[in-house]
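Here the structure comes first, spelled out in structure tokens, and everything after it is commentary.
In UniProt numbering, the protein residues as written are 1 to 496.
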């Protein structure tokens, strides 16, 4: 009887909560979340492996034999000196618990066996870690915002640091909200400004209530903060001013990049022929540039960046270099940093919040083993201070250092660049062919052998057929002038 009542009570108890009042949801500790985003240590090279072989191994991987084989180095704090018994007997009062007795291990045994007590001393920090701490480069933790299927070519972060925009070669724009983002790190909205056109650039307005999107088409769009279209291409048709850039030779050369200075008094433009031209917007200024630097780079310029004090101009190009220019003397370059591969037209340069450092990304190349990295340079000393590896097989395109969040943003591509003779390894510039041509080539109906033939022999093989069966000129003069008469050249008359 009692067992039946117990079963009834258990069934009724299961219908009610164990406690009353508002139930608190389980939350993940912030320390655990922080630990999950710590950057993994990059793989060590041969030089680093030799350096680490002389240092102490970690305690988790060491054994008794490993500890015995270590050099005889004192680890941890020094041993406390033994108290004199006579001093204690003289009436000295002891405060606190008595000291633990010293180990009964002789000094000779310590020297021979090398037994150590306590945790091992942590290894000395690497040079890169010391430099990061010196310049306060925030590279301890990282997260990955995915979603795009091709290289991310555009990046924009509003001044509050709450919303991030990313544009890609997959024709889409993704919007991320840090305040409403969960652990899945997904975007809350996806846009496609122009169907079939790559996204080239994104920019927030000063008030962060709208943003501008520029794609591969000849038009641009303006969206509000939530991704709704405010201004379409029809309103942007009016042009208020045209700046005519200077060319040494007549022709059509595109403007690949441009930039304003902080005060809005100067405009710098990078031309497709590798030149840099600067216009000063002063009273009575004209459309001709005030500063013209011929052959600043050997290839197209991908980015120009003014410093906030208006003294330094940075330029990035396809010629795998980054150049520092003094705006007070633009005749000679101040510093050239080379061996920086660049395969994307959107590769940019960014300053740190205090502008003591500037950074840029590099592209992946098949001959290189480093992959895409972020390179940090000291503005005062004009030297490389740190290299942060992003991916061993991907390229780094866009980068930004947000002043309020003190976080570094970098965009990358998930695929290797193509390396064909006619494209030079650049991504996004290959030309496609018709589907019928592709199918005929695959079926063997179209055979391209003209590249392997001699042009002279290819023309002479029709000479005999033209003499035996003429079609155009010979039949017209067959009755009036059967024998051909050729005109004499002027050079023969002059020789006579």
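For glycine and all other residues, C-beta sits at the position ideal for the given N, C-alpha and C.
For residue i, which residues from the same chain have a beta carbon less than 8 Å from its beta carbon, with the 5 sequence-adjacent residues on both sides left out?
{"i": "residue 160", "result": "208, 404"}
{"i": "residue 141", "result": "34, 37, 38, 39"}
{"i": "residue 264", "result": "281"}
{"i": "residue 477", "result": "484"}
How far does the beta strand (DSSP E) with residue i in it extend, from its first residue to its last?
{"i": "residue 139", "result": "Unbroken run through residue 139: none, as it is neither H nor E."}
{"i": "residue 383", "result": "383-391"}
{"i": "residue 465", "result": "Run containing residue 465: none in the beta strand (DSSP E); it sits in the alpha helix (DSSP H), 463-468."}
{"i": "residue 412", "result": "407-412"}
{"i": "residue 220", "result": "220-224"}
{"i": "residue 296", "result": "No beta strand (DSSP E) contains residue 296, which DSSP labels as neither H nor E."}
{"i": "residue 402", "result": "396-402"}
{"i": "residue 361", "result": "357-361"}
{"i": "residue 326", "result": "322-326"}
{"i": "residue 584", "result": "Since the first residue shown for the chain is 1 and the last is 496, residue 584 is missing from the structure and cannot be characterised."}
{"i": "residue 257", "result": "255-260"}
{"i": "residue 520", "result": "Nothing can be reported for residue 520, as the shown portion of the chain is limited to 1 through 496."}
{"i": "residue 369", "result": "No beta strand (DSSP E) holds residue 369; DSSP gives it neither H nor E."}
{"i": "residue 190", "result": "189-191"}
{"i": "residue 314", "result": "312-317"}
{"i": "residue 154", "result": "152-157"}
Give the range of the alpha helix (DSSP H) segment to which residue i is assigned.
{"i": "residue 36", "result": "30-36"}
{"i": "residue 456", "result": "455-460"}
{"i": "residue 268", "result": "First-last for residue 268: 266-271, but that is the beta strand (DSSP E), not the alpha helix (DSSP H)."}
{"i": "residue 476", "result": "473-476"}
Expressed to the nearest angstrom, what Euclidean distance is found between the alpha-carbon atoms of residue i and residue j?
{"i": "residue 314", "j": "residue 259", "result": "11 Å"}
{"i": "residue 276", "j": "residue 293", "result": "5 Å"}
{"i": "residue 336", "j": "residue 321", "result": "7 Å"}
{"i": "residue 147", "j": "residue 266", "result": "38 Å"}
{"i": "residue 480", "j": "residue 466", "result": "20 Å"}
{"i": "residue 351", "j": "residue 407", "result": "12 Å"}
{"i": "residue 482", "j": "residue 298", "result": "60 Å"}
{"i": "residue 283", "j": "residue 366", "result": "51 Å"}
{"i": "residue 454", "j": "residue 464", "result": "18 Å"}
{"i": "residue 30", "j": "residue 279", "result": "51 Å"}
{"i": "residue 139", "j": "residue 381", "result": "22 Å"}
{"i": "residue 363", "j": "residue 456", "result": "44 Å"}
{"i": "residue 291", "j": "residue 281", "result": "12 Å"}
{"i": "residue 462", "j": "residue 252", "result": "41 Å"}
{"i": "residue 376", "j": "residue 308", "result": "18 Å"}
{"i": "residue 45", "j": "residue 390", "result": "Unreliable positioning characterises residue 45 in this predicted model, as indicated by a pLDDT of 41, which lies under 50. The coordinate reading is nonetheless provided below. In a straight line, the C-alpha of residue 45 is about 16 Å away from that of residue 390."}
{"i": "residue 332", "j": "residue 227", "result": "45 Å"}
{"i": "residue 472", "j": "residue 452", "result": "30 Å"}
{"i": "residue 75", "j": "residue 134", "result": "Legend: pLDDT at residue 75 = 46, less than 50; position of this residue unreliable, value from coordinates given subsequently. Roughly 27 Å separates the two Cα atoms."}
{"i": "residue 205", "j": "residue 187", "result": "20 Å"}
{"i": "residue 474", "j": "residue 288", "result": "60 Å"}
{"i": "residue 349", "j": "residue 219", "result": "25 Å"}
{"i": "residue 400", "j": "residue 27", "result": "32 Å"}
{"i": "residue 312", "j": "residue 181", "result": "38 Å"}
{"i": "residue 459", "j": "residue 488", "result": "25 Å"}
{"i": "residue 469", "j": "residue 486", "result": "21 Å"}
{"i": "residue 388", "j": "residue 145", "result": "18 Å"}
Report all residues from its chain with a CB closer than 7 Å to the CB of residue i; omit the five preceding and five following residues, and keep chain order.
{"i": "residue 217", "result": "194, 197"}
{"i": "residue 230", "result": "210, 222, 223, 224"}
{"i": "residue 162", "result": "177, 178, 179"}
{"i": "residue 215", "result": "193, 194, 197, 198, 199, 200"}
{"i": "residue 137", "result": "376, 386"}
{"i": "residue 143", "result": "37, 185"}
Which same chain residues, not among the five before or five after residue i, have their C-beta less than 6 Å away from its C-beta?
{"i": "residue 574", "result": "In the structure as shown, the chain begins at 1 and stops at 496. Residue 574 is therefore absent and cannot be evaluated."}
{"i": "residue 304", "result": "257, 259, 268, 270, 315"}
{"i": "residue 402", "result": "157, 161"}
{"i": "residue 323", "result": "315, 333, 336"}
So, are the CB atoms of residue i and residue j less than 8 Å apart?
{"i": "residue 359", "j": "residue 378", "result": "no"}
{"i": "residue 413", "j": "residue 173", "result": "no"}
{"i": "residue 393", "j": "residue 345", "result": "no"}
{"i": "residue 398", "j": "residue 165", "result": "no"}
{"i": "residue 372", "j": "residue 386", "result": "no"}
{"i": "residue 202", "j": "residue 167", "result": "yes"}
{"i": "residue 274", "j": "residue 295", "result": "yes"}
{"i": "residue 175", "j": "residue 189", "result": "yes"}
{"i": "residue 354", "j": "residue 306", "result": "no"}
{"i": "residue 153", "j": "residue 171", "result": "no"}
{"i": "residue 374", "j": "residue 410", "result": "yes"}
{"i": "residue 370", "j": "residue 361", "result": "no"}
Report whether the distance from the Cβ of residue i to the nearest heavy atom of the ligand PLP is below 7 Å.
{"i": "residue 175", "result": "Ligands displayed in this structure: none; no statement on the ligand PLP is therefore possible."}
Closest Cβ-Cβ distance between residue i and chain C: below 8 Å?
{"i": "residue 140", "result": "Among the chains of the structure shown, chain C does not appear; only one protein chain is present."}
Touch test, the segment 339-353 against the segment 324-331, Cβ-Cβ under 8 Å, three pairs minimum: Under the three-pair Cβ rule at 8 Å, the segment 339-353 does not count as touching the segment 324-331.
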